[in-house]
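Colleague:
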Amino acid sequence: MTTRLRAVTDEAVQLAISRILKAADDTALGGGEAGSEESPGDGAVLFGRRPGGTLSPMNVVVCVKQIPDPAEPGDLDPETKTLKREGKLILDESDSYGVEMALQLVDTAGEGEVTLISMAPNEEVSGLRTALAMGAAKAILVSDPALAGSDALTTAKVLAAAAKKVEGADLILTATESSDGYTGTVPEQLAAVLDLPSVTFAKEVEIADGTVKVRRQTEAGYNDVECSLPAVVSVTAGVVEPRYPSFKGIMAAKSKPVENLTAADLGFDASQVGWAGAGQEIIDIAKAPEREAGEIIEDEGEAFQSVVDYLANLKII
């Protein structure tokens, strides 16, 4: 059953709330001609026509996170009790869906560009280069030792300040949550700081006449939600199929502009960010309990009875 709702900015949430580069050769990855960055065209992104039948330029900001490679064992800092982020970082796979959706919106509009915004240590740009290779036009990287230890709200404030530097942005896309933090609060906090409407868990996006219409996923099914632009929309994993960067795209990404900013460049004092500005503190960490070994039942003709007895013992049946 589908209901129709209208999204509004909720004042109550104002304070509450990699894809790894694969080997590429001279043939394009993911279909199309060599070096192509064409959209896969799966129809998940819809774009409405403006009055008069013309399409307007679409400028989209995508907030992306660069994370340690999840294929490698993670390591926690014993002092800060946070994930170590030294070395090369990759684009969070959760954010690749937002990048792809933004590219499809711009492709369909026929004019516009995608700007990336990221906050990462040590001026790390590896993950940004992946998204630039997909087709984004430029990026803003906020990197500053003072930002270490920033909580979700501080992160939202920093991303909001960086987003304000992008002129003419029609839409800000984010993932629903990051793969390494899983707080799931940054999109709403970002919208609240910017005083913009927010729509979450987007499965489809349609833009027409200054309005974004979103089909959002819920536990009960779907809601059709709409709000005025500009707005912040968080997209779910799998909403579109992210394209693979082509060899041509990878080469082009090396020369695409990445603007490096510090906390001070965005008007923040060191006391407002990082550990000093965080509203929460990690008291302790503990390893997850090891999973118990399962019971193997050998089938010697009466295995079904053993399974029944086992389930009965667990009071499942």
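The numbers in my numbering rise by one with no breaks, and the one at position 126 of the sequence shown is 320. Idealized CB from N, CA, C, for every residue including glycine. None of these values were measured; they are calculated from a predicted model.
With a threshold of 16 other CB atoms inside 10 Å of the CB of Ala-180, please say whether the residue is buried or exposed.
Modeller: Nothing in the structure corresponds to residue 180, since the chain is present only between 195 and 511.
Colleague: If distances are taken between C-alpha atoms only, which option among Leu-384, Asp-345, Thr-324 and Leu-270 comes closest to Tyr-291?
Modeller: Closest by alpha carbon: Thr-324.
Colleague: Give the single residue among Phe-441, Asp-345 and Asn-316 whose Cα lies nearest to the Cα of Glu-476.
Modeller: In the sequence as displayed, the identity of residue 476 is Ile instead of Glu. It is Asp-345.
Colleague: To the nearest angstrom, how far is it from the Cα of Gly-229 to the Cα of Met-445?
Modeller: The predicted position of Gly-229 is uncertain, since its pLDDT is 35 and thus under 50; a value taken from the coordinates is nonetheless stated next. Taking the straight line joining both Cα atoms gives about 10 Å.
Colleague: Give me the Cβ distance between Glu-427 and Ala-396, rounded to the nearest whole Å; I'm assuming they're in contact under 8 Å.
Modeller: Position check: residue 427 holds Val in this sequence, whereas Glu was assumed. Their Cβ separation, rounded to whole angstroms, is 5 Å, which keeps Val-427 and Ala-396 in contact under 8 Å.
Colleague: Is it a yes or a no for the region 330 to 339 touching the region 449 to 458, going by three-plus beta-carbon pairs under 8 Å?
Modeller: Short answer: they touch.
Colleague: What did DSSP end up calling Gly-432 once you bin it into helix, strand or coil?
Modeller: In the structure shown, Gly-432 sits in coil (DSSP, three-state: anything other than H, G, I, E or B).
Colleague: Determine, for Val-434, whether the minimum Cβ-Cβ distance to residues of chain B falls below 7 Å.
Modeller: Chain labels in this structure do not include chain B; a single protein chain is all it has.
Colleague: With a threshold of 16 other CB atoms inside 10 Å of the CB of Ala-482, please say whether the residue is buried or exposed.
Modeller: Looking at its Cβ environment, which holds fewer than 16 other Cβ atoms inside 10 Å, Ala-482 is exposed.
Colleague: Would you check whether the ligand ADP has a heavy atom nearer than 6 Å to the C-beta of Pro-381?
Modeller: Inclusion of the ligand ADP in the displayed structure is not the case, the ligand content being empty and no account of it being possible.
Colleague: Just the C-alpha distance for Asn-507 and Glu-484, rounded to the nearest angstrom, thanks.
Modeller: One C-alpha to the other measures close to 22 Å.
Colleague: Taking the straight line between their C-alpha atoms, what separation do you get for Val-433 and Lys-448?
Modeller: Roughly 28 Å between the two C-alpha positions.
Colleague: Would you say the region 355 to 363 touches the region 250 to 257, given that touching needs at least three Cβ pairs under 8 Å?
Modeller: Yes, since at least three Cβ pairs between the region 355 to 363 and the region 250 to 257 fall closer than 8 Å, the two stretches touch.
Colleague: Using the three-state DSSP reduction, which class does Arg-409 fall into: helix, strand or coil?
Modeller: Strand, per DSSP.
Colleague: Can you have a look at Asp-503 and say buried or exposed, based on whether 16 or more other CB atoms are within 10 angstroms of its CB?
Modeller: Label assigned to Asp-503: exposed.
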